[in-house]
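I have placed the structure first, in the form of structure tokens, so that the comments after it can refer back to it.
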Amino acid sequence: MRETITFYLNGKRQTVGGDAAMQTLSRYLRYDVRATGTKIVCEEGDCGACTVLIGRRQNGALQYLPINSCITFLFQLDCASVVTVEGLARDGKLTPVQDAMVRCHGAQCGYCTPGFIMAMAAVYERPRATGLEPRDFRQALTGNLCRCTGYEPIIKAGLEVEGQPTCEQLYPSAEMLREFSSIGREPLRAGGFFKPVALAEAIEFKASNPRCVIVQGATDFGVWCNKRGFSSDALLSLDGIEGLGELRVEEGKLRVGGRVTLAQIESFVQDKVPELARILDRFGSPQIKNAGTLAGNIANASPIADTLPFLYVTEARLELTGRGGTRTVPIASFYRGYKKLDLAADEIITAIVIPLPSRNDTLRLYKVSKRSHLDISSFTAAMLMRRNGERIESIRIAYGGVGPVILRLPKTESFLTGKTLSLDVLEGAGAIAKEEITPISDVRGSRDFRLQLAANVLRKFYYDVGS
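For the sequence shown, numbering that gives the first Met the number 0 puts the final residue at 466, and the numbers step up evenly by one.
Below you can see the structure in the form of structure tokens.
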């Protein structure tokens with residue numbers, strides 16, 4: 000069993016073990032190796048100043064994606080390649096992205112600039128990154144906050160980049176891949192962190208450590224540690240377990256492995272469930288979605304989790320695997336109360352199975368938040384309807400942010416079933432919906448605001464699909 004994390008930083012091999020592996024990548028860069036181009040500002044994954052590119056094995060090559068290094072820990076980087084803003088330079092010259100930022104006056108104070116450069120460089124890691132338009136960069140830079148320059152010159156800089164080398168061109172991966180393939184077959188134990196290569200090993204570790212935290216994307220865990228001083232004696236990664244990375248459609252059902260990222264799902268469902276892809280676009284920044292997983296969003300058990308209303312109306316099922324084997328639990332039965340899960344101490348969410356809407360179904364997903372992108376929801380909703388002519392044959396409705404867990408609205412669904420789809424009918428349903436929920440007031444919205452949204456979203460649903 001290995002005892003040190005092995006990764007590459009700007010082409011140079013790094014090995015870290017013990018307590019040192021428990022620190023964030025951004026702190027390691029700045030304080031251990033003095034790569035101070037990466038900035039630490041929010042330490043929450045919100046501003047993007049700390050963005051770096053992480054290359055992981057995918058189909059026999061290293062796929063580089065932008066992530067927030069402030070909420071990424073060294074123990075997550077085993078068998079990965081990291082490229083920072085310093086690593087983009089070649090022979091002491093600015094890389095084309097850096098040069099374009101200078102020429103287009105895309106930087107002032109400089110705190111956000113390295114993150115923008117790395118997120119922009121990630122655009123050129125995509126296959127066939129040609130014919131780029133302003134919207135491509137607006138989307139790629141949603142996780143990067145500019146405090147003083149303004150976004151127009153930054154977008155202009157992205158469009159003027161020519162000849163940006165890929166990370167593979169800068170740091171050929173053949174040697175790295177050979178090493179990763181070799182050492183990746185062996186479990187890793189560094190302090191309280193364990194990265195097994197078999198599911199049975201992960202289950203035994205979790206069973207032996209009841210307070211164990213599964214850290215996959217760390218998009219919440221990193222914030223807990225940075226802002227709340229959270230720590231855990233036992234951390235478990237599922238990265239070394241091959242079967243948990245599956246993502247496929249089988250007999251009309253989408254099967255999502257326990258370590259599949261939100262970005263992978265968003266890309267996969269573009270032509271299969273466009274409405275889900277649309278809401279995932281608003282879920283978070285590329286940096287967050289490249290790290291966070293659907294299983295993590297489920298296990299976090301937030302009543303405003305953006306994916307849960309969709310899972311409720313499609314009646315998704317969770318596969319939970321423990322010492323006694325695998326059992327299947329309906330998503331609605333998984334939550335027993337606020338942050339209370341039907342999950343035994345030895346069990347892991349190994350897959351999510353989602354029945355896909357048919358061609359006869361109408362799906363709409365809604366998210367209300369103060370910002371359009373990269374913001375916590377105040378209210379979420381999902382409707383899955385099947386019509387027979389002008390009549391509603393069946394409908395499922397789920398709301399988030401209106402109770403301790405996501406809520407299905409059986410009375411509202413019953414009222415609508417069999418009725419003609421009309422504005423009057425949807426307004427009547429809205430009045431019933433307000434009686435089925437128990438919202439509270441918090442920093443994201445008042446109780447009355449959420450009650451009004453519960454009615455208004457059904458009116459919007461009518462204008463979206465019925466008029």
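Ideal Cβ positions, reconstructed from N, Cα and C, are used throughout, including at glycine. What you are looking at is a predicted structure, and each value in this text was computed from that prediction instead of being measured.
So, G400 versus I278, is the Cβ gap smaller than 7 Å? no
Nearest neighbour of C41, chosen from E389, T325, G228, I70 [CA to CA]: I70
Helix, strand or coil for P186? Go by DSSP, reduced to three states. coil
Using 10 angstroms around the beta-carbon of T437, count the other beta-carbons present and answer buried if the total reaches 16, otherwise exposed. exposed
Could you have a look at Q286 and say whether DSSP puts it in helix, strand or coil? helix
On the DSSP bridge assignment, give the partners of G256 in chain order. A350
Helix, strand or coil at R89 according to DSSP, with G and I counted as helix: strand
Assuming P409 and L383 are in contact, meaning their beta carbons sit under 8 Å apart, how far apart are those beta carbons, in whole angstroms? That belief does not hold up - the Cβ atoms of P409 and L383 are roughly 14 Å apart, past 8 Å.
Would you give the residue range spanned by the beta strand (DSSP E) that Y398 belongs to? 390 to 399
Out of T306, L140, G242, N359, state which residue places its alpha-carbon closest to the alpha-carbon of E265. T306
Euclidean distance between Cα positions of G417 and V81: 57 Å
Mark Y7 as exposed unless 16 or more other C-beta atoms lie within 10 angstroms of its C-beta, in which case mark it buried. buried
Cβ-based burial, P171 [other Cβ within 10 Å; buried from 16]: exposed
Using 7 Å as the threshold, is the C-beta distance between G251 and A350 below it? no
How long is the line joining the alpha carbons of V268 and L261, rounded to whole angstroms? 11 Å
Run of the alpha helix (DSSP H) containing P133, from where it starts to where it stops: 133 to 139
Could you compute how far the alpha carbon of A454 sits from the alpha carbon of K433? 7 Å
Please work out which residues of its chain come closer than 7 Å, Cβ to Cβ, to I367, disregarding the five sequence neighbours upstream and downstream, and give them in chain order. It is Val, not Ile, that sits at residue 367 in the sequence shown. Around V367: S376, S377, F378, L452.
Tell me whether P113 sits in a helix, a strand or coil according to DSSP, three-state version. helix
Count the C-beta pairs between the stretch 99 to 112 and the stretch 140 to 158 that are closer than 8 Å, then say yes if the count reaches three, no if not. yes
Per DSSP, what kind of secondary structure is R277 in: helix, strand or coil? helix
Look at L87 and Y27 and say whether their C-beta atoms are less than 7 Å apart. no
Compute the Euclidean distance between the alpha carbons of P209 and I347, then round it to the nearest angstrom. 12 Å
Rounded to the nearest angstrom, what separates R29 and L342 at their Cα positions? 39 Å
Could you have a look at S266 and say whether DSSP puts it in helix, strand or coil? helix
From V122 to V51, what does the alpha carbon distance come to, in whole angstroms? 13 Å
Using the rule of at least 16 other Cβ atoms within 10 Å of the residue's Cβ for burial, across every protein chain shown, is G54 buried or exposed? buried
Rounded C-alpha distance that separates E43 from G36: 18 Å
Could you pull out every residue in the same chain whose Cβ sits closer than 6 Å to the Cβ of E185, ignoring the five residues on either side in sequence? R1
Neighbourhood of V160 by C-beta distance below 6 Å, restricted to the same chain and skipping five residues each side: P95, V96, A99
What separation, rounded to the nearest whole angstrom, lies between the Cα atoms of V214 and D360? 36 Å
Extent of the continuous alpha helix (DSSP H) to which F448 belongs: 446 to 464
In chain order, what are the residue ranges of uninterrupted alpha helix (DSSP H) at least 4 long that sit wholly in the stretch 321 to 371? 330 to 333
Measuring straight from C-alpha to C-alpha, what distance separates V464 and I391? 12 Å
To the nearest angstrom, how far is it from the Cα of S207 to the Cα of R370? 42 Å
Residues of its chain near A233, where Cβ-Cβ distance is below 6 Å and the 5 sequence neighbours each way are ignored: G191, N208, C211
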